[in-house]
Amino acid sequence: MKVFISNFRVNEPVDTALMVAEKRLVPFRDQAKGRYLALVLVDRTGQIEGRAWENAEELANGCEVGDVIQVTGVVEEYREVRQLRLTSLRRLTESEIDLGEFLAVTPRDRQAMEERLDALIASVRHPGLRALLTAFFGDPQFRRAYSEAPAAKRVHHNYLGGLLEHSLEVAELVEAVARFAPEAEGGLNRDLALTGALLHDIGKVREYRYRPLIDLTDEGKLLGHTVLGCAMVRERAAALGPEVVAPEVVLELEHLLLTHHGELEWGAPVLPQTVEAAALHYADLLSGRVKQYQQVAAGASPGEGGGRIAGLWSPYDGVLGRSLYLGQR
Ligand SMILES: [Fe+2]
Ligand SMILES: [Fe+2]
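For the sequence shown, the numbering used here begins at 3 and goes up steadily by one.
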């Protein structure tokens with residue numbers, strides 16, 4: 003059973019799963035003794051130093067940063083800092099891991115979100131767009147990455163499942179817009195807008211890594227998720243061939259991905275030039291901004307604790323540049 007770091011007690015034995023955040027082999031002061039293993043181990047409640055004084059090299063070979071390991075040891079206190087003296091460790095396989103024990107997760111029901119995703123895909127009538135969506139979401143590896151990824155490092159939807167949650171919100175919003183601005187009246191091509199909504203941030207599965215912590219990858223930093231996502235769409239469409247998804251449809255979809263940030267200074271290489279692109283941009287902004295207010299009002303990002311100051315006001319938020327009034331809630 004999982005025991006959380008926040009519940010560790012000094013002098014008590016531990017046998018639980020922890021994620022490796024740092025790993026070093028450090029020489030003993032007496033160099034003849036070789037090296038000891040120094041780990042930083044984390045779960046969603048905190049972190050603790052791990053030390054293995056014996057069999058260090060062997061234990062070090064058994065884990066890498068980002069791995070979840072089953073550890074046994076004893077909690078000790080050294081200079082008033084708790085540390086875990088390790089006696090054994092074993093790398094756990096993906097099926098043995100519940101990532102939610104180590105990182106903050108979406109407050110929504112993942113299963114229900116996946117079902118909604120499938121229902122939205124099934125509602126797309128355009129055969130090319132549906133084939134493209136099926137190519138993405140029928141690929142188990144992509145699907146897992148999409149439903150597990152965070153939508154951000156900070157600011158909004160910055161937890162596991164955040165990308166799926168945010169993408170569904172954007173999809174529901176463009177659906178609503180397509181109802182009051184239908185294609186027959188010069189409004190949205192609903193299938194195109196919906197496909198764009200579900201795919202607009204797919205580049206984030208490559209932009210972020212989240213083990214041991216949510217952070218940007220090298221290609222995330224160098225290319226960014228709009229360009230990465232556009233390349234992913236182009237690749238899948240090319241694999242299906244022009245007879246399945248027409249090049250002019252792919253072009254408009256790529257336009258949606260590249261313009262969803264809306265403004266050049268917000269990272270869009272070109273400005274929205276179709277009604278679907280305009281709707282997608284505002285839907286994306288709305289989903290992100292409302293969630294940002296929600297998270298600030300809740301006191302802090304999930305997993306960070308937090309709370310209120312002076313009763314009626316949230317802590318000051320640097321990104322919004324203000325505290326939020328919480329009223330009598
Ligand atoms: Fe985005
Ligand atoms: Fe987005």
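Think of the CB as a built atom: it goes at the ideal place given N, C-alpha and C, for glycine as much as any other residue.
May I ask you to report which of helix, strand or coil DSSP gives residue i?
| i | result |
| --- | --- |
| Trp315 | strand |
| Gln72 | strand |
| Pro304 | Low confidence applies to Pro304: its pLDDT is 39, below 50, so where it sits in the model is not reliable, and the reading given next is rough at best. Three-state DSSP puts Pro304 in coil, outside helix and strand. |
| Glu254 | helix |
| Thr261 | helix |
| Asp220 | helix |
| Ser325 | coil |
| Ser125 | coil |
| Asp17 | strand |
| Leu91 | strand |
| Leu162 | strand |
| Arg310 | Confidence at Arg310 is low in this model, with a pLDDT of 48, below 50, so the placement of that residue is unreliable and no value is reported for it. |
| Pro109 | coil |
| Pro152 | coil |
| Glu1 | This structure does not reach residue 1, given that the chain is present from 3 up to 331, and the question cannot be answered. |
| Pro184 | strand |
Return yes when the Cβ of residue j is within less than 8 Å of the Cβ of residue i, no when it is not.
| i | j | result |
| --- | --- | --- |
| Gly68 | Arg236 | no |
| Tyr295 | Leu326 | yes |
| Arg238 | Phe138 | yes |
| Val179 | Ala281 | yes |
| Gln72 | Leu91 | yes |
| Gly264 | Thr228 | no |
| Val83 | Pro15 | no |
| Leu43 | Leu27 | no |
| Val246 | Ala124 | no |
| Glu103 | Arg146 | no |
| Met115 | Leu162 | no |
What does residue i pair with, by DSSP beta-bridge criteria?
| i | result |
| --- | --- |
| Glu51 | Val42, Gln85 |
| Asp193 | Note: Asp193 sits in no beta bridge, so no partner. |
| Val22 | Leu43 |
| Pro29 | Arg37 |
| Arg211 | Asp217 |
| Glu96 | Looking at the DSSP assignment, Glu96 forms no beta bridge with any residue, so it has no partner. |
How long is the line joining the alpha carbons of residue i and residue j, rounded to whole angstroms?
| i | j | result |
| --- | --- | --- |
| Glu117 | Leu39 | 45 Å |
| Glu51 | Asp100 | 22 Å |
| Leu88 | Gly320 | 40 Å |
| Asp32 | Lys25 | 21 Å |
| Pro271 | Lys223 | 16 Å |
| Thr219 | Tyr210 | 5 Å |
| Val22 | Arg93 | 10 Å |
| Thr74 | Cys65 | 14 Å |
| Ser316 | Leu119 | 34 Å |
| Leu190 | Glu96 | 42 Å |
| Glu187 | Leu194 | 16 Å |
| Leu215 | Leu242 | 35 Å |
| Ala299 | Asn160 | 15 Å |
| Asp203 | Gln143 | 17 Å |
| Ala248 | Gly130 | 7 Å |
| Glu98 | Ala106 | 18 Å |
| Arg37 | Glu221 | 35 Å |
| Leu288 | Lys4 | 38 Å |
| Thr18 | Gln297 | 31 Å |
| Ile7 | His158 | 26 Å |
| Arg310 | Ala34 | Bear in mind that a pLDDT of 48 at Arg310, under 50, signals an unreliable position, so the number given afterwards is only what the model happens to contain. Spanning the two alpha carbons is a distance of roughly 54 Å. |
| Glu79 | Ala285 | 51 Å |
| Gly205 | Trp55 | 43 Å |
| Arg181 | Leu175 | 10 Å |
| Thr108 | Val252 | 31 Å |
Shorter than 8 Å from the beta carbon of residue i to some beta carbon of chain B?
| i | result |
| --- | --- |
| Tyr295 | No chain B appears in this structure, which consists of one protein chain only. |
CB of residue i to nearest heavy atom of ligand 4: below 7 Å?
| i | result |
| --- | --- |
| Asp203 | Ligand 4 is not among the ligands present in this structure, which contains only ligand 1 and ligand 2. |
Discussion item. Check whether the stretch 189-198 and the stretch 250-258 are in contact - that is, three or more C-beta pairs closer than 8 Å.
Written reply: Yes, since at least three Cβ pairs between the stretch 189-198 and the stretch 250-258 fall closer than 8 Å, the two stretches touch.
Discussion item. Count Cβ pairs between the stretch 148-157 and the stretch 165-180 that sit closer than 8 Å; are there 3 or more?
Written reply: Cβ pair count under 8 Å is three or more, so yes.
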